[in-house]
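Asks: One structure coming up, written as structure tokens, with questions to follow.
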Amino acid sequence: AGPSGAARGKSRKRRKKRKALGEAAAAPKGPGMAAVGPPRNPQEFSSNWKALQELLKQKANNSNKSPSMGQTDTKKKQPLKAAKSPEVPAVNGNVVKAKSTNKMDNGSAKDVSAKPESKGVTVNKNLNGTKSNGKSWKEKKKNSVVVKEKDELKHKRRKAEEHVEQQPKEADIWFDDVDPKDIEAAIGPEAAKIARRNLGLETEQSQSVEQVLVKEKAFDGLTRAVAMDCEMVGVGPKGEDSIVARVSIVNQFGKCVYDKYVKPTEKVTDYRTAVSGIRPQNINTGEDFKTVQKEVAEILKGRILVGHALRNDLKVLLLDHPQKKIRDTQRYKPFKQRVKSSRPSLKLLCERLLNVQVQTAEHCSIQDAQAAMRLYTLEKKKWEAAVKNKANKKNGK
């Protein structure tokens, strides 16, 4: 007779209890079996461990078999002209037999090993075009990358063409109150060239400062007009007061006719070397002030005196000069109007009107005198005409 319903219920409970306790061994079935507790001695532990290891091995084998069988199934489903190998090695070491039904084009069956078979498959797939394999996908990817790179290059070229700086036309440069140097930094050299042309600064860029300021093969003696400039040093507690340290005079063509260092009449407290260019050794061996003063006065007598802020130079030399004979580039109204400044510096006037850089580092009294004379000769006819008209008006009154 079979087991009763009560016995079946007990056996179910026992199974549940075994599962909860993690027993690996199968529970014996029967109506009169007593409940088995957890293992307590070492032997029971070792038997349970062995059973668990066997279960894990079985699960691993099953999982290994399933992909290998799946692979063989997919291979069987794909009809190929190339012959398949009769034996395909599985992952777990077992051999799976496959039917060699596919034949070559000549009709003869041929056995091929597993590795060549896979290569043949890919080649045939490429030839047949039945399926896009890994190789063709890589080729497509390469082609797409090449096309993408070409598109990017075209895009970059288009952008570069768009950003090519077009040379500005004269009509574009309409402002005449901006420094050409600033225009060159912001827009470019061509725009600065146009601006200089509008301001009347068409001097060659390749020319040096000396070539602009000094006339070559010209008379190097005294002329009707001379330009003078002085370098000064500081005296007094804070070096705020000035005394003359160097005097330079050039003729109408920029040729130097007089240049001397002057011995200080007081203790120098500030040589102002960064601006004046004067050092102790220059003036310690210089000429006496009285001698220089006398020589300069003789040169200036009866001549037109040109310079920049001449009031300061005459003051340190303790000299005077007739106002009608003074041509001060700082006070000439047309220069002020052109550079839009009430007290323009010599540096600014040279940049705007002569297109040359002066006073970039330590000042040189010879170069400053040459720059003032060049500015004067630039406007000499108009300047002298204006002075003559002013004198005529005074006499008419």
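Residue 282 in the UniProt record's numbering is what sits at position 282 of the sequence shown, and the numbering runs on without skipping anything. Ideal Cβ positions, reconstructed from N, Cα and C, are used throughout, including at glycine. Note that the coordinates shown come from a computational prediction; the quantities given were computed from them, not determined experimentally.
Any beta-carbon of chain C closer than 9 Å to the one on H155?
Replies: In the structure shown, chain C does not exist; there is a single protein chain.
Asks: How far does the beta strand (DSSP E) with G307 in it extend, from its first residue to its last?
Replies: I304 to G307
Asks: In whole angstroms, give me the CA-to-CA distance for Q293 and Q357.
Replies: 30 Å
Asks: Pair every Cβ in the region 223-236 with every Cβ in the region 264-279, then say whether three or more of these pairs are closer than 8 Å.
Replies: yes
Asks: Is the region 331-346 touching the region 208-226, taking contact as three or more C-beta pairs under 8 Å?
Replies: no
Asks: Can at least three beta-carbon pairs, one atom from the region 298-315 and one from the region 278-286, be found at a separation below 8 Å?
Replies: no
Asks: Three or more C-beta pairs closer than 8 Å, one from the region 218-226 and one from the region 244-257: is that the case here?
Replies: yes
Asks: Just to confirm, is the Cβ distance from I299 to L310 under 9 Å?
Replies: Against a cut-off of 9 Å, the Cβ pair of L310 and I299 comes out as no contact.
Asks: Find out if the Cβ-Cβ distance for the pair R272, V262 is shorter than 9 Å.
Replies: no
Asks: Do the CB positions of F335 and P344 come within less than 9 Å of each other?
Replies: yes
Asks: Answer yes or no: do H363 and V275 have a C-beta to C-beta separation smaller than 9 Å?
Replies: yes
Asks: Answer with buried or exposed for N317, where buried requires no fewer than 16 other C-beta atoms within 10 angstroms of its C-beta.
Replies: Reading the sequence as shown, one finds Leu at residue 317 and not Asn. The residue in question, L317, is buried, as its Cβ has 16 or more Cβ neighbours within 10 Å.
Asks: I need the DSSP call for I249, collapsed to helix, strand or coil.
Replies: strand
Asks: Just curious, the alpha helix (DSSP H) that Y258 is in, first and last residue?
Replies: That residue, Y258, is in no alpha helix (DSSP H); its beta strand (DSSP E) goes C256 to Y261.
Asks: A7 to R18, Cα distance in whole Å?
Replies: 16 Å
Asks: Would you kindly work out how many angstroms separate the C-alpha atoms of E384 and K238, rounded to a whole number?
Replies: 42 Å
Asks: By DSSP's criteria, A227 is part of a beta bridge. Which residues make up the other side?
Replies: V250 and V306
Asks: At which residue ranges does the region 270-357 contain complete alpha helix (DSSP H) runs of 4 or more residues, listed in the order of the chain?
Replies: 273-276, 280-284, 289-300, 310-317, 333-339 and 346-349
Asks: Around the Cβ of K77, are there at least 16 other Cβ atoms within 10 angstroms (buried) or fewer (exposed)?
Replies: In this predicted model, K77 has a pLDDT of only 46, less than 50, meaning its place in the structure is not dependable; the value taken from the coordinates is given anyway. By the neighbour-count rule (16 or more Cβ atoms within 10 Å), K77 is not buried but exposed.
Asks: Please classify S63 as buried or exposed, where buried requires at least 16 neighbouring CB atoms within 10 angstroms.
Replies: exposed
Asks: Classify N392 as buried or exposed, calling it buried when 16 or more other Cβ atoms lie within 10 Å of its own Cβ.
Replies: exposed
Asks: Return helix, strand or coil for I194, following the three-state DSSP convention.
Replies: helix
Asks: Taking the alpha-carbon of Q359 as reference, which of K154, T377, S342 and D229 has the nearest alpha-carbon?
Replies: D229
Asks: How many whole angstroms separate the CB atoms of L354 and R374, which I take to be in contact at a CB cut-off of 8 Å?
Replies: Distance from L354 to R374 at the Cβ level is roughly 6 Å; contact confirmed, criterion being Cβ atoms closer than 8 Å.
Asks: Please state whether DSSP places S365 in a helix, a strand or coil.
Replies: helix
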